[in-house]
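Each remark here refers to the structure printed beneath this line.
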Amino acid sequence: MANINAFFSHISEYLIMAWQALVSHKLRSFLTTLGILIGVTTIISIWTTIEGLNQYVFGQLSNIGASTVYVQKYPWVIKGDFWKYRNRKPITYKEYQALMEHCTLAEHISPEIFAAKNIRYKSKKFENIFVIGTSEQYAFTANVAPEIGRFLTELDVYNNRYVCVLGREVADRLFDKENPLGKKIFIGDRKYLVVGVLERKGNFFGQSMDNFVIVPFGTFRRVYGGHRELRIALLTKPEKLENMKDQIRSILRRVRKIHPAKEDDFSINQQDMLTDLYKSLTTTLFAIVFVIGGISLVVGGIGIMNIMLVSVAERTREIGVRKAIGATRRNILSQFLFEAIVISSIGGLIGIVLGFIAGSLILAQMNLTGGVSLTSVLIGFGFSGFVGVTAGFYPAYKAARLNPIDSLRYE
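According to UniProt numbering, the stretch in the sequence shown is residues 1 to 411, in order.
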């Protein structure tokens with residue numbers, strides 16, 4: 001118990017001496033901490049920003065559905081020759097029918113065809129609204145649900161009815177506080193009955209996820225033409241996903257008459273592709289930021305070392321007096337090492353606070369929220385503490401090795 005009390009007594013003594021040394025040279029101490037402060041601020045601000053982005057992006061990507069795949073002409077992430085994909089044949093209705101008939105591992109399959117159309121209700125008119133032609137299965141493959149009314153039914157799709165389901169933003173813009181159910185709107189030059197309004201999805205990187213209208217697939221093809229590019233969404237259970245992808249590939253290669261030696265001329269896209277792309281981008285950004293922050297920390301460490309060497313020279317007589325009254329080399333080493341650690345820790349603490357503020361301001365500009373994580377705080381303190389120990393060791397060692405008699409004679 002006595003040893004523990006003595007240990008903490010020494011620690012508190014070193015901290016008080018370090019603080020007194022810093023206060024006696026305020027400007028010099030501030031300039032010394034500046035490199036540490038900038039480095040930690042850079043790392044923490046980007047860390048905070050990316051963690052806030054992670055929460056948002058992964059939350060939005062979850063709307064795609066980890067067990068949903070999309071058969072399309074183009075991959076979501078294009079690597080290499082773009083023209084190789086540009087020259088592919090489009091996905092056709094015949095292939096959708098083949099998947100409906102033979103893809104037994106899929107629980108839900110929906111065709112998706114798109115166009116931008118003007119919509120109108122009474123005197124209100126909006127241009128280039130996203131129109132989706134699909135089936136009743138879209139509610140499952142896209143994970144959407146009506147807030148009011150209903151979604152498309154199998155009869156709507158089979159009979160090519162002129163009915164529509166509105167995204168929340170379209171409903172708000174067209175009808176304001178009026179109940180849209182049972183009202184008729186124009187999509188292009190055709191009139192449709194509103195049967196439902198979907199739950200709000202929000203924005204994804206500034207783009208509204210609620211600014212669209214859904215109509216039956218057959219109705220879309222009859223009115224706006226079936227020559228447009230088709231996308232097919234297929235949903236299954238997570239444990240069946242890879243087997244379903246193999247089944248899709250087998251069916252489409254057979255329908256498209258692809259030679260066994262040739263590669264696929266279609267893409268099977270899924271959420272993981274976007275997640276992996278995002279992770280690779282953030283990993284690269286982290287690496288760049290850590291290099292920049294690391295350079296600042298190295299510069300800060302050099303500054304601490306230089307200032308500590310100056311401090312040792314200025315306080316040579318003080319060191320001699322302390323040794324004369326019984327201070328050991330370990331005491332002197334600990335005193336100056338603690339001083340370096342305190343300098344770097346203060347810079348690290350201020351850097352953590354400023355980094356969090358900067359990261360929060362960046363997220364606020366993107367209408368996102370974030371917070372300081374324990375990991376980022378530990379990294380900030382860890383870096384600053386490491387720099388303090390590394391930069392302060394040589395000056396502290398030099399101070400500890402001074403001869404007390406020569407130190408007392410020092411002018």
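Backbone N, C-alpha and C define an ideal beta-carbon position, used for all residues, glycine too. What you are looking at is a predicted structure, and each value in this text was computed from that prediction instead of being measured.
Considering only Leu34, Arg28, Lys245, the residue with the shortest C-alpha distance to Gly293 is Leu34. Asp265 sits away from Arg86, with the two beta carbons spaced by 7 Å or more. Annotated as proximal: Arg168 and Arg200, with beta-carbon spacing under 7 Å. In this structure, DSSP gives Ile132 an extended state, which the three-state scheme calls strand.
In this structure, DSSP gives Arg256 a state outside helix and strand, which the three-state scheme calls coil.
Per DSSP, reduced to three states, the secondary structure at Ile214 is strand. For a cut-off of 8 Å, the C-beta gap from Ala391 to Leu333 is around 14 Å, too long to register as a contact. Within the stretch 312-345, complete beta strand (DSSP E) segments of at least 3 residues are not found at all.
DSSP, reduced to helix, strand and coil, places Tyr162 outside both helices and strands of the structure shown, so it counts as coil. Taking 7 Å as the cut-off, the Cβ atoms of Val77 and Leu349 do not count as close.
Residue environment analysis places Asn128 among the exposed positions, since fewer than 16 neighbouring C-beta atoms fall within 10 angstroms of its C-beta. Annotation for Arg231: Tyr70, Gln72, Glu112 place their beta carbon closer than 6 Å to its own, counting only its chain and skipping 5 residues before and after. Counting C-beta atoms within 10 angstroms of its own C-beta, Val310 has fewer than 16 neighbours from the protein chains shown and is therefore classed as exposed. For Arg190, the uninterrupted beta strand (DSSP E) segment begins and ends at 190-198. Ranked by how close their Cα comes to the Cα of Ile38, the residues Ser344, Asp272, Lys183, Ala233 have Ser344 in first place. With contact defined as three or more Cβ pairs closer than 8 Å, the stretch 295-315 and the stretch 374-392 are in contact.
By the CB criterion at 7 Å, Gly347 and Ser384 fall inside the cutoff.
Within the DSSP secondary-structure output, Arg231 pairs in a beta bridge with Glu112.
The Cβ atoms of Val165 and Phe151 lie closer than 7 Å to each other. Runs of the alpha helix (DSSP H) spanning 4 or more residues and lying entirely within the stretch 29-105 occur at 82-86, 93-102, in chain order. Under the DSSP assignment, Gly380 falls outside any beta strand (DSSP E), being part of the alpha helix (DSSP H) whose first and last residues are 374-400. Contact check for Val40 against Gly351 passes: the beta carbons are separated by less than 7 Å. If only complete runs of 4 or more residues are kept, the stretch 241-299 shows the alpha helix (DSSP H) at 241-255, in order along the chain.
In the DSSP annotation of this structure, Glu107 is not part of any beta strand (DSSP E), being labelled neither H nor E.
Rounded to whole angstroms, the separation of the alpha carbons of Leu53 and Gly225 is 39 Å.
Taking Leu234 as the centre and dropping the five residues before and after it, the same chain places the C-beta of Val69, Ala106, Ile109 closer than 6 Å to its C-beta, in chain order. Residue pairing from DSSP places Ile185 in a beta bridge opposite Tyr192. In this structure, Val163 lies near Leu193, with their beta-carbon atoms less than 7 Å apart.
If you compare the alpha carbons of Ile295, Val195, Ala340, Gln137 with that of Arg28, the shortest gap goes to Ala340. Residue environment: Gly320 is assigned as buried (16 or more neighbouring CB atoms within 10 Å of its CB, all protein chains considered). Check the Cα spacing between Ile44 and each of Gly355, Phe386, Ala400: the tightest is with Gly355. A residue is called buried when at least 16 other Cβ atoms come within 10 angstroms of its Cβ; Asn211 meets this threshold and is buried. DSSP places Gly225 outside both helix and strand once states are collapsed to three, so it counts as coil. Bounds of the beta strand (DSSP E) holding Glu147 are 146-149. Collapsing the DSSP output to three states places Glu239 in a helix. Closest in alpha carbon position to Ala142, among Lys245, Trp83, Thr236, is Thr236.
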